[in-house]
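Undergrad:
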Amino acid sequence: MVRLASIAAILFIGFAVVEGCTHCQCLYSDGSHCCVMELNSGADADCNTLCADAKQAGPNQFEPGPSCNAGGKYTCVSTWNAFKRTKCYGYPS
7 MVRLASIAAI LFIGFAVVEG CTHCQCLYSD GSHCCVMELN SGADADCNTL CADAKQAGPN
67 QFEPGPSCNA GGKYTCVSTW NAFKRTKCYG YPS
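The sequence shown begins at 7 in my numbering and counts up one residue at a time.
(1) Could you tell me the distance, in whole angstroms, from the CA atom of Val42 to the CA atom of Leu33?
(2) For Cys53, report the span of its alpha helix (DSSP H) as first-last.
(3) Assign Lys79 to one of two classes, buried (16 or more other C-beta atoms within 10 Å of its C-beta) or exposed (fewer than that).
(4) Ala88 by DSSP, collapsed to three states: which one?
(5) Quick one, are the C-beta atoms of Thr92 and Ala63 less than 9 Å apart?
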């Protein structure tokens, strides 16, 4: 029984790791966090393209905030971390 539970846990972890990059965390040129947006699997873009002209969302999400100005520099973050981060302009809140 323990062996079966161990195999199930390993498979679950394997599927979770293979998920890939679902959210792009666009960075400032110094490498600090600027904003986050979701990478849609059906989109014809990658994080580098999406973050190239990224701007933080303003206070009401409909106004742009400061520009990231990092030329597309990004890191991938999990859905959990993306939920707690500042969204990019135009990304649903």
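Each residue gets a CB set at the ideal place from its N, CA and C atoms; glycine is no exception. None of the values given here were measured: they were computed from a predicted structure.
TA: Based on what the coordinates show:
(1) 9 Å
(2) 53–58
(3) buried
(4) helix
(5) yes
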